[in-house]
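What follows is one structure encoded as structure tokens, with my remarks underneath.
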Ligand code: GCB
């Protein structure tokens, strides 16, 4: 049966089908908007009865004989943004449907179009405005919006959202993850106001391999053909006027002498795009990213990525991170560790994170949640993975920090999976050919004892290879690291995208005993020695910045449903290994500094 399904999959040609272009509005943070954040009413609906009861109508009894068996107005509230699991004790493990309701006042304005925007709804959502369905969205970490110009009213309005976080075999991610299945309206909700014709999105980047030419495009929505759009970078005295085609699109390319963005000098320019009665501003950095042999080149020069992997989980209060403070804490810790790079695992993080990375000078690996076992032969699963990738790229394609799009993490070697990932890599390149495509791999072959070769066939389609390995933790003994040799079969740059060992903060003991801070630090020392011997090593992002909630970590008193591989606890305590890695990164930074001084 499985073979037949696979054969159909390989022969069907469906793999060529790709989703519609992204319909997102770019640069939401700099648009005119009205926040719908705050308290929302909530009804927990474990048996999915709400649709039958028509919760979306937000009905009230009209008289004393009118039977309405739900009432948002007297139901408990939840904060938005925010996952439900960390807000209410009884919802900690809840996986299912929950209905949100928010009543609000609105004043319609002439010549203005209104969109209802969600930063994310985990994992899927159906949205209603004033009792009418607007649409659905599948995927818990990407933004979406609906135009509501004709549906929103002056005066009272209400929005109802059915959110469901049930794990499903055919979803992305599927049923098994080593992170908490946080559900809810986990990011900002806003009404976004735009003129009748508006600048939907635009892209400005240095041409691949060039440090003095900018290329890009702009897309108007609602435009007649032949509209003029102006792109300005005032600080660099750049002003370029383009004319849109019948579909509202225009492309451009112009010479530009710009100070380049880099971790040492994260220069952002104010960019103004205006035309057809709309105007948006953005803060954009300009840099190039390429590979040459086994090196990653930033602005034409080799760079070693001193990184750390991280989840989008809030320090101190727990739950999904969503605020500027949450993002600042996490990326601030990465800076303190000496990083010039972060791996935002295992799904797109909130937009504030990549914007902050732009300002702090942190390079970013950005990932879609194709994780472990996935329904490789299901066309709808591939399509959803593509949609998530598309919307991740659409949101962040102007962020200088983002250099790597990752299409997957730790997937089995299997023809159907390789076909699936091949499709994703091709699609990623069609969306953005200026960045590098990667995936975190973990299957190696071992032609002789002690030597491991990363030769996963998907490597052929990637620009940079990510490799997760846990030698001395899940596999083998710590001493095995002393002799282990790692190679890659592709002659491409390799990032050790994960290694790690668990220790609750404050648990001290001898360096040979697992779960102690001493073991974790010892493990880091061994790992650093081992991975720095890899000839193609272009960077690393050990696992993981901070302890995080995981449903598969059971040890009482040690894990308590938390993955304890953090270098920092969720209460902000730095563990010994934090300082081990910090010291190594200091050395690497000093070396890089010395070699760049020499080159001058
Ligand atoms: C991995 C996964 C990551 C896990 C980690 C672990 O390989 O990519 O999601 O959390 O190992 O701690 O086991």
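Residue numbers (our numbering): 41 to 640. Beta carbons are placed, not taken as given, at the ideal position from N, Cα and C, and that holds for glycine.
When Cβ pairs closer than 8 Å are counted between the two stretches, the region 107–118 is seen not to touch the region 179–188, the count staying below three. Residue 253 is classed as exposed because its beta carbon has fewer than 16 other beta carbons within 10 Å across all chains shown. Taking a cut-off of 8 Å for Cβ pairs, the region 388–404 and the region 356–374 touch, as three or more such pairs fall below it.
For residue 536, the closest C-alpha among the options 518, 578, 530 is that of 578. Under the Cβ criterion (8 Å, minimum of three pairs), the region 83–95 does not count as touching the region 181–197. Taking C-alpha positions only, residue 249 is separated from residue 324 by approximately 18 Å. Of all alpha-carbon atoms in 611, 459, 272, the one lying nearest the alpha-carbon of residue 354 is that of 611. The secondary-structure analysis by DSSP pairs residue 271 across a beta bridge with 280, 313.
Residue 207 and residue 387 have their C-alpha atoms some 15 Å from each other. Put simply, the region 373–380 does not touch the region 434–454. Fewer than three CB pairs are less than 8 Å apart. Counting other Cβ atoms within 10 Å of its Cβ, residue 332 stays below 16 and is therefore classed as exposed.
For residue 479, the secondary structure class from DSSP, reduced to helix, strand or coil, is strand.
For the pair residue 421 and residue 483, the Cα-to-Cα distance works out to about 23 Å. Distance from the C-beta of residue 508 to the nearest heavy atom of the ligand GCB is below 7 Å.
A contact between stretches requires three or more CB pairs, one per stretch, nearer than 8 Å, and the region 553–569 meets this requirement with the region 521–535. Nearest neighbour of residue 545 by Cα position, chosen from 582, 598, 499, 497, turns out to be 598. DSSP lists 118 as the bridge partner or partners of residue 80.
If you look at residue 469, you'll find it in the alpha helix (DSSP H) that goes 455–471. Checking the 7 Å criterion, the Cβ of residue 603 is within range of a heavy atom belonging to the ligand GCB. Counting only runs that start and end inside the region 482–543, the alpha helix (DSSP H) elements of at least 4 residues fall at 520–523.
Per DSSP, the unbroken beta strand (DSSP E) holding residue 230 starts and ends at 229–235. Here the alpha carbons of residue 453 and residue 497 stand approximately 8 Å from one another.
Annotation: residue 389 is outside any beta strand (DSSP E) and is labelled neither H nor E by DSSP. If you check the C-beta of residue 339 against the ligand GCB, you find no heavy atom less than 7 Å away.
Distance from the C-beta of residue 389 to the nearest heavy atom of the ligand GCB is not below 7 Å. Here the alpha carbon of residue 459 sits roughly 43 Å from the alpha carbon of residue 318. At least one heavy atom of the ligand GCB lies less than 7 Å from the C-beta of residue 218. Contact check for residue 231 against residue 76 passes: the beta carbons are separated by less than 8 Å. Residue 507 places its beta carbon 8 Å or farther from that of residue 350. Distance from the CA atom of residue 531 to the CA atom of residue 479, rounded to whole angstroms, is 16 Å. Residue 239 holds the alpha-carbon nearest to the alpha-carbon of residue 67 among 515, 239, 640.
Taken from the Cβ of residue 583, at least one heavy atom of the ligand GCB lies inside 7 Å.
Rounded to the nearest whole angstrom, the C-alpha separation of residue 378 and residue 622 is 6 Å. The closest CA to that of residue 538, considering only 486, 416, 605, is found on 605.
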